[in-house]
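Counting from 1, position 112 in the sequence shown corresponds to residue 180 in the working numbering; the numbering is continuous, with no gaps. Backbone N, C-alpha and C fix where the C-beta goes; we use that ideal spot for every residue, glycine too. Working notes, beginning with the structure itself.
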Amino acid sequence: MVKKRWVGLVMLWAVSAVGKDMLPPPECNIKPTQAVTTPAPVNIDQLIQDLNALTTSSRIKMLKAETLRPVLQQIFDTSHVNSKLQQFYRLLNVIAENSLADIGMGVQFDVTSARKILVTAKVFQDPAFPAHITKIYLVSTDSIPQYTVSFDKAVQFPLNQGKGFKSWDDGYCQYAKELVFEPQFSFKMKESRDGNLKVYKFQGVDLYGDFGTRGVVDVSLRYVRLAEVEFIKNTNLGRVKAYISKKEFQENKHNALLRLVSQIVPNTSLQAIDW
């Protein structure tokens, strides 16, 4: 077991080291840290109105949203580089941190008012996507909020209006095409002292596309599982930790060593991240 792990680590290092020296083709001459999208301007007054209307499923008021105007203006400020994805998670974190309801016991949102907030905040390029959400549950344990989002079915979410995102890394054109959500999707979040937001313990979501490495060993993948993302404040960048998804091994053939190593060694990177 130890020997296999050591061999796997050396193989991964070799693939990365050789792959990074390769030159990208013209259609994929994009660095992982280049900006890819620009969030749309948000009507803060309307967002505050919608947040004020947010209640639990038992009609308990969730927020005094007018007090949140400064932090909302900062989240949706278009004068600095940002991403819709980061805005989405930061908005959810603000709701959790300022909830009037007792989230220590767990609360279920009124889904209609919650959907309206997501549409007003323009955190999805497809405004029809929130219609798939059937339930949002929030609970906080030791001041760590955890959201569980339920959908009406498994949902495929095309990235960048179906165009996806391409970047050159590890000697290969990494092409992220869509997020694949299971009927239930959950995550935890925590803001650090430097203002970065860490979202982690993802469950029920995979990234689908064309991924891999080229070098000493060639690996081609279709499904990647996000483990955590640390969103860097006032940028569109995130420190991403990801593993090969179990679904990859269910649907595609790979050797046993890759399966073993994939559960031990994550892929980590600093990159522009959005949806």
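Quick check on this structure: which residue in the options has the alpha carbon closest to the alpha carbon of residue i?
i: serine 233; options: Ala340, Pro92 and Ile116; result: Just to set this straight, residue 233 is phenylalanine in the shown sequence, not serine. Measuring from the Cα of phenylalanine 233, the nearest candidate turns out to be Ala340.
i: leucine 294; options: Ala189, Lys321, Asn323 and Glu246; result: Glu246
i: threonine 106; options: Phe192, Glu296 and Asp278; result: Phe192
i: serine 330; options: Asp342, Tyr311, Lys315 and Ser337; result: Tyr311
i: glutamine 214; options: Phe317, Val139, Glu316 and Val267; result: Val267
i: aspartate 220; options: Ser254, Thr202, Thr209 and Asp278; result: Thr202
i: asparagine 228; options: Leu91, Asn111, Asp342 and Val110; result: Asp342
i: phenylalanine 225; options: Ala164, Pro198 and Pro93; result: Pro198
i: isoleucine 212; options: Val223, Lys258, Ile171 and Tyr205; result: Lys258
i: threonine 124; options: Leu136, Ile163 and Val175; result: Val175
i: glutamate 165; options: Pro92, Ala133, Lys314 and Cys241; result: Ala133
i: valine 223; options: Glu250, Tyr157, Asp238 and Ile204; result: Glu250
For residue i, which of helix, strand or coil comes out of DSSP?
i: serine 218; result: strand
i: proline 334; result: coil
i: proline 92; result: coil
i: lysine 321; result: coil
i: glutamine 193; result: coil
i: lysine 314; result: helix
i: glutamine 339; result: strand
i: arginine 261; result: coil
In the DSSP output, what is residue i paired with across the bridge?
i: serine 235; result: Gln242
i: threonine 281; result: Val287
i: serine 254; result: Thr216 and Gln271
i: glutamine 224; result: Val248
Report the CB separation of residue i from residue j in whole angstroms; it is logged as a contact under 8 Å.
i: threonine 216; j: serine 254; result: 4 Å
i: serine 181; j: leucine 122; result: 5 Å
Practice task
Starting from the N-terminal side, write out each stretch of the alpha helix (DSSP H) that is 4 residues or longer and does not extend beyond the region 122-191.
Solution key: 137-143, 152-165 and 179-188
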